[in-house]
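Undergrad: In the working numbering, the protein residues as written are 202 to 541. Backbone N, C-alpha and C fix where the C-beta goes; we use that ideal spot for every residue, glycine too. Can you read through this structure? Questions will come right after.
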Ligand SMILES: Nc1ncnc2c1ncn2[C@@H]1O[C@H](COP(=O)(O)OP(=O)(O)OP(=O)(O)O)[C@@H](O)[C@H]1O
Ligand SMILES: [Mg+2]
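What follows is the structure, encoded as structure tokens:
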């Protein structure tokens, strides 16, 4: 497979030939007009594209997989045309937790290239900025002020309430809504046709239902199901059966059965081998808990809230999630004893 690498910042992004691409990349909209739903957001952004000099900092808030990162990249492309890559710095705030790293990279970026005619400013896209600590956000606020002459920030977040007020008040806030079933199903149908994959429409609805409007998740599920042949309820059920969500539910069951080491090994495999984020892990764990026999256990709910908080604060995920599973295993054993 031949690969073409596109130089950006020091996180080199590798784009493969289109037939080998993951569908989430292959079908990622390249212009604002290709983005579906989010009508209000798009029409406000089109007004900005028409008068880019007036663009404020932007905050995109909304559920996962609804187009925030995609729209930010489309906007950069439409404002800066062929130079967009050179003048856009994409940072993932949850991977680059240390604010010093963020500051250094923004500084280097702001100084490495002179601006060209027709390029009004540089754009820093700070993805998942709601996972930054309050201290880091306070430092970010100063960085935004220092560099605001030459740079516009686009922050993305699942919850705008996790962004400190002084940053929110410096940004125009755009709210992304969950994607509608009919639109997602139509979109998936279009992809099946382009890929020449046979499908049943009700299986596409099943994909929507198990992904709750998260297009990234839906596209990944569609692509996995397509490798099993036709997209029908059987192939979709097989894929959802092995989805991350149900794997986390399995880890939680193992912990409640008292098998701490077994649960911990499965958790480490999910994080390190499958690449699941610790935030997704705890989110799915919370869902699994609410459907389990322990749904009303105050200790289990507290343990989940504590683990979530510590992960948000940037603690070591292996240690925090191991401690969490140990607590669930202890609860499971207590419950077992009280039944006897
Ligand atoms: N409104 C949309 N229209 C078309 N495609 C979409 C839309 N929303 C998401 N997608 C598809 O889903 C994939 C994920 O979208 P994106 O990365 O923009 O989500 P996000 O909102 O940034 O999610 P997260 O909060 O998890 O970062 C994209 O590759 C794109 O193909
Ligand atoms: Mg994103």
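Quick one: is the Cβ of residue 328 within less than 7 Å of any heavy atom of ligand 2?
TA: Taking the first residue of the chain shown as 1, we reach residue 328 at position 127. Within the cutoff, so yes.
Undergrad: Between the alpha carbons of residue 471 and residue 240, how many angstroms are there, rounded?
TA: Working through the chain shown from its first residue, we reach residue 471 at position 270. Working through the chain shown from its first residue, we reach residue 240 at position 39. So the alpha carbons of these two residues sit roughly 36 Å apart.
Undergrad: Can you name, in chain order, every residue of its own chain whose Cβ lies under 6 Å from the Cβ of residue 210, other than the five neighbours on each side?
TA: Taking the chain shown and counting its residues from 1, one reaches residue 210 at position 9. The predicted position of residue 210 is uncertain, since its pLDDT is 36 and thus under 50; a value taken from the coordinates is nonetheless stated next. 290, listed in sequence order.
Undergrad: Determine the extent of the beta strand (DSSP E) in which residue 324 is found, giving its start and end residues.
TA: Counting from 1 along the chain shown, the entry for residue 324 is found at position 123. Run containing residue 324: 323-328, per the beta strand (DSSP E) assignment.
Undergrad: Between the Cα of residue 488 and those of 506, 473, 476, 474, spot the shortest distance and give me the residue it belongs to.
TA: As a first step, residue 488 must be located in the chain shown, where it is residue number 287. Per the Cα distances, 506.
Undergrad: With the cut-off set at 8 Å, would you say residue 529 and residue 469 are in Cβ contact?
TA: Counted from its first residue, the chain shown places residue 529 at position 328. Counted from its first residue, the chain shown places residue 469 at position 268. No, the pair does not count as a contact, with Cβ atoms beyond the cut-off.
Undergrad: Rounded to the nearest angstrom, what separates residue 266 and residue 248 at their Cα positions?
TA: Taking the chain shown and counting its residues from 1, one reaches residue 266 at position 65. Taking the chain shown and counting its residues from 1, one reaches residue 248 at position 47. Cα to Cα, the separation comes out at about 24 Å.
Undergrad: Bridge partners for residue 432 per DSSP, in chain order?
TA: As a position in the chain shown, residue 432 is number 231, starting the count at 1. DSSP lists 400 as partners of residue 432.
Undergrad: Run through DSSP, which three-state label would residue 365 get?
TA: Residue numbering aside, residue 365 sits at position 164 when the chain shown is read from its first letter. Correct three-state label for residue 365: coil.
Undergrad: Can you say whether residue 244 is buried or exposed, counting buried as having 16 or more other CB atoms within 10 angstroms of its CB?
TA: Translated into the one-based positions of the chain shown, residue 244 becomes position 43. Label assigned to residue 244: exposed.
Undergrad: Just mark residue 428 as buried or exposed, buried being the case when its beta carbon has 16 or more other beta carbons within 10 Å.
TA: The residue given as residue 428 occupies position 227 in the chain shown. Exposed is the call here.
Undergrad: Just the C-alpha distance for residue 422 and residue 235, rounded to the nearest angstrom, thanks.
TA: For the purposes of this step, residue 422 is identified with residue 221 of the chain shown, where counting begins at 1. For the purposes of this step, residue 235 is identified with residue 34 of the chain shown, where counting begins at 1. Those two C-alpha atoms are separated by around 21 Å.
Undergrad: Among 513, 539, 509, 540, whose alpha-carbon lies nearest the alpha-carbon of residue 526?
TA: For the purposes of this step, residue 526 is taken as the residue at position 325 of the chain shown. Closest by alpha carbon: 509.
Undergrad: In the DSSP assignment, find the alpha helix (DSSP H) that holds residue 271 and state where it starts and stops.
TA: Locating residue 271 in the chain shown gives position 70, where the first residue counts as 1. It spans 269-281 - the alpha helix (DSSP H) in which residue 271 sits, taken as one unbroken run.
Undergrad: Is any heavy atom of ligand 2 found at a distance shorter than 7 Å from the C-beta of residue 357?
TA: If you number the chain shown from 1, residue 357 lands on position 156. Answer for residue 357: yes, Cβ within range of ligand 2.
Undergrad: Verify the contact flag: residue 289, CB atom, against every heavy atom of ligand 2, threshold strictly below 7 Å.
TA: Counted from its first residue, the chain shown places residue 289 at position 88. Answer for residue 289: no, Cβ out of range of ligand 2.
Undergrad: Following the continuous beta strand (DSSP E) through residue 376, name the residue where it begins and the one where it ends.
TA: As a working note, residue 376 is residue 175 in the chain shown. Run containing residue 376: 372-376, per the beta strand (DSSP E) assignment.
Undergrad: Using only the alpha-carbon positions, how far apart do residue 379 and residue 274 sit?
TA: Within the chain shown, the letter at position 178 stands for residue 379. Within the chain shown, the letter at position 73 stands for residue 274. If I take the Cα positions, the gap works out to 19 Å.
Undergrad: Output the boundary residues of the beta strand (DSSP E) element that contains residue 358.
TA: One-based indexing of the chain shown puts residue 358 at position 157. Its beta strand (DSSP E) spans residues 352-358.
Undergrad: Roughly how many angstroms lie between the CA atoms of residue 301 and residue 334, to the nearest whole one?
TA: The residue labelled residue 301 in the question sits at position 100 within the chain shown. The residue labelled residue 334 in the question sits at position 133 within the chain shown. The alpha-carbon atoms of residue 301 and residue 334 are separated by roughly 13 Å.
Undergrad: Taking the alpha-carbon positions, what's the residue 536 to residue 286 distance?
TA: What you label residue 536 is simply residue 335 of the chain shown in a count that begins at 1. What you label residue 286 is simply residue 85 of the chain shown in a count that begins at 1. Distance between the alpha carbons of residue 536 and residue 286: 56 Å.
Undergrad: So for residue 536, helix, strand or coil by DSSP?
TA: Position 335 of the chain shown, counted from the start, is the residue given in the question as residue 536. DSSP places residue 536 in helix when its eight states are reduced to three.
Undergrad: Whole angstroms are fine: how far does the CA of residue 272 sit from the CA of residue 288?
TA: Locating residue 288 in the chain shown gives position 87, where the first residue counts as 1. Locating residue 272 in the chain shown gives position 71, where the first residue counts as 1. One C-alpha to the other measures close to 16 Å.
Undergrad: Looking at residue 417: is its Cβ nearer than 8 Å to the Cβ of residue 242?
TA: Start at 1 with the first residue of the chain shown, and residue 417 comes out as number 216. Start at 1 with the first residue of the chain shown, and residue 242 comes out as number 41. Cβ atoms of residue 417 and residue 242: not closer than 8 Å.
Undergrad: Taking C-beta to C-beta, are residue 328 and residue 359 nearer than 8 Å?
TA: Within the chain shown, numbered from 1, the residue matching residue 328 stands at position 127. Within the chain shown, numbered from 1, the residue matching residue 359 stands at position 158. No, the Cβ-Cβ distance between residue 328 and residue 359 is not below 8 Å.
Undergrad: Which word fits residue 305, buried or exposed, when buried means at least 16 other C-beta atoms lie within 10 angstroms of its C-beta?
TA: Translated into positions along the chain shown, residue 305 becomes position 104. With fewer than 16 other Cβ atoms within 10 Å, it is exposed.
Undergrad: Within 10 angstroms of its Cβ, does residue 462 collect 16 or more other Cβ (buried), or is it exposed?
TA: The residue given as residue 462 occupies position 261 in the chain shown. The residue is exposed, with fewer than 16 neighbouring Cβ atoms inside 10 Å.
Undergrad: On the CB-based measure, 16 or more other CB atoms within 10 Å of its CB, does residue 430 come out buried or exposed?
TA: Reading the chain shown from its first residue, position 229 is the one you call residue 430. So residue 430 counts as exposed.
Undergrad: Assign residue 238 to one of three DSSP states: helix, strand, or coil.
TA: By 1-based counting over the chain shown, the position of residue 238 is 37. It is coil, neither helix nor strand.
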